[in-house]
Each structure stands twice: as C-alpha cells, then as structure tokens.
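J.: So the sequence shown is numbered by the UniProt record's numbering: it starts at 1 and just counts up by one.
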Amino acid sequence: MQPIAKNFISEVSNYLKEKKAIASQEDDGFSDTSIKTKKQLENALTLFKELMLRRRKKILTLVLIAAETGISKQDFENMFKIEKSLFEDLMKSIDISNKELNEALNGKAEEISKNQLVIFHEEMGEVMDVTGEKLGPFEKGQIANIPREIAKILIETGKCEVIEQ
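#1: Using a threshold of 8 Å, state whether the C-beta atoms of Leu-41 and Lys-17 are closer than that.
#2: Would you call the region 152-160 and the region 119-129 in contact, with 3 or more CB pairs under 8 Å?
#3: Pop quiz: Ala-23 and Thr-37 are said to be a contact at Cβ under 8 Å. What is the actual Cβ separation, rounded to whole angstroms?
#4: Excluding five sequence neighbours on each side, which residues of the same chain lie with their C-beta closer than 6 Å to the C-beta of Glu-126?
#5: In this structure, how does DSSP classify Ile-119 when only helix, strand and coil are distinguished?
#6: Can you tell me which of the three DSSP states Phe-138 falls into?
#7: What span of residues does the beta strand (DSSP E) with Val-162 cover, start to end?
#8: Does DSSP put Val-130 in a helix, a strand or coil?
#9: Between Phe-76, Asp-32, Leu-86 and Phe-8, which has its C-alpha nearest Phe-48's C-alpha?
#10: With a 10 Å radius around its C-beta and 16 neighbouring C-beta atoms as the bar for buried, classify Gln-116 as buried or exposed.
#11: Take Arg-148 and list the residues in its own chain whose beta-carbon comes closer than 6 Å to its own, dropping the five residues that flank it on each side.
#12: Give the range of the alpha helix (DSSP H) segment to which Ala-5 is assigned.
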C-alpha cells in the first residue's frame, strides 16, 4: 500500500468542488474553457475512483494474507481511516466465517442441534433411538449426551432432566 498524504481525500474533494464551480459559472456550455473544465472534472473523478478501487483490491489481498498468517498490521499506517475501518470489518467477517466453517467441519453445529445433555433421576435399561441404535443402560445421576427426540420423551416422563450448558 503506497503512502498517500492523510489530507488527500479532502484535497481531491476541494479540487472537484472548484472544477464544478468553474464549470457551472461558464455562460456558454460549448466554450473551450467550459469543455476543458468539464473534461478535467471527468478525468479527475475517474482517476480518483480507479485509485480507490486499486487500494480496496490491495486491502482485500491484505485481509486474505492476514487471515492465513495471523499478521494483520501490515501496511496499516499507510491506510486512510476509512480503509482501516474496512480492513477491520473484513477481518471480523473472515474470523466469523472461519469459526463457522471449523464448527461445521468438526460436526459441532450438527451435534449441538441433534443431541441434548441430560442427567438421569433413576436407573434405566437400554433404549433404542430413532435410528435403531441402542442407548444405555443409564444409572441414577449419570450424565449423558443423547438425541433430542429421546431426551424429550425421557424428560416428559420424569426419568431425566436437561443440564443447562
């Protein structure tokens, strides 16, 4: 990321305002000065947008590198305040996405939704779950992570209760 003066955006803004004012003051919209000023305004705006687009592309690249390597302060001092905010927001989004991806890969998301942690109030023999798998036997006071459907039935009959996590 190339260093640019911190007041660059305000200077560009002032320049564009001046050019717009000059272009609007011209009586004849087809005079050489008017046409020249409008063209300068168009060119300046196009160049500014192109510069900002390139800087955003570099920020995206830096975010991806930082997400892989853990180094996130690289070239931070050369960024505008707006760009730093963009960088930080993108890093947060990448972190959240990585966390969700890791949970999905480890099966935690499915496991949490399919099972429920319970404590048994009484001894219980083996039971079959909805897929035909045997569960148990369970002893009084035993903690187990069992399918939600089975847990619901056992909780309703008073044989166990949910342990809050």
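Positions of the beta carbon are idealized from the N, C-alpha and C atoms, including for glycine.
T.: Here's the rundown:
#1: no
#2: yes
#3: 5 Å
#4: Lys-134, Gly-136 and Pro-137
#5: strand
#6: strand
#7: 160-162
#8: coil
#9: Phe-8
#10: Buried, because 16 or more other Cβ atoms sit within 10 Å of the Cβ of Gln-116.
#11: In chain order, Gln-116 place their CB closer than 6 Å to the CB of Arg-148, counting only its own chain and leaving out the 5 sequence neighbours on each side.
#12: Here Ala-5 belongs to no alpha helix (DSSP H), and DSSP marks it neither H nor E.
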